[in-house]
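*Asks:* So the sequence shown is residues 9 to 381, counted in the numbering used here. All C-beta atoms, glycine included, are put in the ideal place defined by N, C-alpha and C. If you scroll down you'll find the structure; I have some questions about it.
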Amino acid sequence: MPDYYKMLGVQRSATTAEVKKAYHTLALKFHPDHNVGNPRVEHQFQMIAEAYEVLQDTAERQFYDRFGLKKERLERVTRPTPGKRFEGLVGNVVDEMLGSGKRKAKSGKDHRFRLSISLEEALLGANRTISYRHVSRCEPCEGTGTLDPDSGQEPCHVCDGGGEVKLAQSGLLPFKRICEFCEGRGRVILRPCATCHGEGITEREREYEFPIPRGVTSGKRLRIQGAGAPGVFGGRPGDMYVEVTVEPHPFFQREGQDLHIDFPLDIRSACMGAKKLAPTLSGGVTVHVPPHSKNGDVLRIRGEGVPGVGEVARGDLLLHVRIELPVLDDAQLEVLTRGWEDLPTGSQPQCESFSSLVDERIKQSQAEGEKSS
Ligand SMILES: [Zn+2]
Ligand SMILES: [Zn+2]
């Protein structure tokens with residue numbers, strides 16, 4: 009609850025004429041029409057008007073002197089609504105007791121971002137530019153809110169420039185709270201800086217070159233100390249947090265320090281052996297495919313996996329052989345497979361053992377059928 013006497017800058021013993029005179033002087037100074045481009049002043053004008061409304065009325069003033077509240081405000085907060093009695097009043101008092109918004113050093117806010125990165129960026133490290141709205145001190149007025157420090161501002165008459173006021177009607181408890189009139193600045197701006205409209209701060213688009221460390225994994229939260237918003241009243245700046253998501257790669261799968269990839273192989277290279285190229289994180293590598301390679305064989309290329317970070321050694325690249333049968337028309341297939349029906353026994357061991365398994369099953373069921381009949 010504001011101190012209406014301080015708001016008008018008069019003594020508690022002031023006569024109605026003195027109250028009126030003080031109001032007229034302040035109303036003129038804080039009238040929005042005289043303060044175009046000063047967004048704060050409208051609120052200040054309203055506070056002065058409310059103080060005047062109470063103090064110029066004898067009955068209202070007596071009530072305020074006794075209870076420290078405006079009559080209609082008390083009626084509003086004490087009206088018995090089921091389950092919510094006194095909540096407004098108690099809430100205000102608790103706020104004031106805790107000194108919420110009190111002028112003490114406050115750390116700046118943290119900036120938080122989510123960043124999707126490719127597997128290559130995660131494994132090799134990269135720099136990514138993050139753009140965001142950054143609050144900083146207004147340059148033209150050097151954070152004061154006015155370009156004319158001598159006559160464009162003056163000490164707040166409500167808190168005498170201290171930024172805090174003693175809690176009105178608080179009895180013996182010396183609680184202080186932030187001055188509503190100047191919002192804790194201790195000054196009122198009369199001719200605000202056109203860039204920041206008297207706020208002393210500006211919001212600008214800012215870019216930050218963010219280093220992604222090598223070997224980062226999905227879900228990791230990275231912190232850069234001091235890269236958040238600046239603190240107020242001497243508080244330390246906030247931090248920057250970036251939560252990283254590593255996008256799935258179109259062909260590499262990561263498993264610890266190793267990378268896996270499907271490795272399609274034509275039937276001839278698989279049979280005869282061949283030199284082939286395989287992709288790596290940073291380019292390509294020549295692979296020696298041994299003759300008699302089978303589907304599902306794994307070819308390991310040492311040192312082409314995930315780069316080591318700290319003590320961890322670099323992993324391997326594992327190629328999973330997938331033999332591809334050629335897609336041909338009937339005539340082409342006929343030419344290609346001529347002679348294949350006469351392949352020697354033991355040349356296709358898996359096919360052979362599979363057909364003998366089937367033969368055995370059939371024989372067994374026939375024998376059982378004869379027994380039961
Ligand atoms: Zn003040
Ligand atoms: Zn400014």
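1) Can you look up V44 in the DSSP assignment and give me helix, strand or coil?
2) Among I138, I197, S139, I209, whose alpha-carbon lies nearest the alpha-carbon of E150?
3) Do you know how far the Cα of S159 is from the Cα of G109?
4) Taking a cut-off of 5 Å, which residues have a beta-carbon closer than that to any heavy atom of ligand 1, in chain order?
5) Cβ-heavy atom distance between G246 and ligand 2 below 7 Å?
6) Consult DSSP for M55 and reduce its assignment to one of helix, strand or coil.
7) So is Q374 buried or exposed if we call it buried at 16+ other beta carbons inside 10 Å?
8) Counting Cβ pairs closer than 8 Å, one from the segment 245–255 and one from the segment 220–236, do we hit at least three?
9) Could you please give the first and the last residue of the uninterrupted beta strand (DSSP E) stretch that includes E162?
10) Where does S364 land, buried or exposed, given buried means 16+ other C-beta within 10 angstroms?
11) Given S144, which residues of its chain have a CB within under 7 Å of its CB, disregarding the five upstream and five downstream residues?
12) So is the beta-carbon of Y203 under 7 Å away from any non-hydrogen atom of ligand 2?
13) Mind checking whether the beta-carbon of G153 lies closer than 7 Å to any heavy atom of ligand 2?
14) Per DSSP, what are the beta-bridge partners of E191 in this structure?
15) Apart from the five residues on each side of it in sequence, which residues of its chain come closer than 8 Å, Cβ to Cβ, to E68?
16) Roughly how many angstroms separate the alpha carbons of D274 and R214, rounded to a whole number?
17) Where does C204 land, buried or exposed, given buried means 16+ other C-beta within 10 angstroms?
18) Going straight from the alpha carbon of D118 to that of R231, what length do you get?
19) Tell me whether P148 counts as near ligand 2, meaning its Cβ is closer than 7 Å to at least one heavy atom of that ligand.
20) Thinking C-alpha only, which one of Y31, L307, G246 is nearest I269?
21) Could you tell me whether any non-hydrogen atom of ligand 2 is closer than 7 Å to the CB of G160?
22) Using the three-state DSSP reduction, which class does A130 fall into: helix, strand or coil?
23) For ligand 2, any of its heavy atoms closer than 7 Å to the Cβ of G208?
24) For my contact list, Y12 and A59 are in at a C-beta cut-off of 8 Å; report their separation, rounded to the angstrom.
25) Identify every residue that forms a DSSP beta bridge with F271.
26) Going by C-alpha distance, which of R346, I197, D73, L327 is nearest L285?
27) Provide the residue span of the beta strand (DSSP E) that contains M248, from first to last.
28) Given a threshold of 16 other Cβ atoms within 10 Å of its Cβ, counted over all protein chains shown, does N46 qualify as buried or as exposed?
29) Whole angstroms is fine: what's the gap from V343's alpha carbon to V314's?
30) Roughly how many whole angstroms lie between the Cα atoms of G171 and R122?
31) Here's the rule I'm using: 16 or more other beta-carbon atoms within 10 Å means buried, otherwise exposed. How should K302 be labelled?
32) Could you give the distance in angstroms between the alpha-carbon of R20 and the alpha-carbon of T137?
33) Nearest-angstrom Cα distance between P88 and Y72?
34) By DSSP, does T137 sit in helix, in strand, or in coil?
35) Buried or exposed for I220, please, with buried defined as at least 16 other CB atoms from any protein chain shown within 10 angstroms of its CB.
*Replies:* Working from what's here:
1) coil
2) I209
3) For G109, the pLDDT reaches just 39, beneath the cut-off of 50, and the residue's location in the model is therefore unreliable, leaving the point undetermined.
4) Proximity to ligand 1 was defined by a C-beta distance below 5 Å to any of its heavy atoms, and the residues meeting it, in sequence along the chain, are C164, V166, C167, C187, F189, C190.
5) no
6) helix
7) exposed
8) Yes, the segment 245–255 is in contact with the segment 220–236.
9) In the DSSP assignment, E162 falls within the unbroken beta strand (DSSP E) covering 161–163.
10) S364 comes out exposed.
11) I209, T210, R212, P238
12) At residue 203 the sequence reads Thr, which differs from the Tyr that was named. Under cutoff, so the answer is yes.
13) yes
14) In the DSSP output, where bridge partners are listed per residue, E191 has none listed.
15) E61, V62, K78, K79
16) 53 Å
17) So C204 ends up on the buried side.
18) Roughly 10 Å between the two C-alpha positions.
19) yes
20) With distances taken between Cα atoms, I269 lies closest to L307.
21) no
22) helix
23) yes
24) 4 Å
25) V329
26) L327
27) 248–254
28) Around the beta-carbon of N46, 16 or more other beta-carbon atoms lie within 10 Å, marking it buried.
29) 45 Å
30) 38 Å
31) exposed
32) About 59 Å.
33) Below a pLDDT of 50, predicted positions are generally treated as unreliable, and P88, at 42, falls in that range; no measurement from the model is reported.
34) If DSSP states are grouped into helix, strand and coil, T137 belongs with the strands.
35) buried
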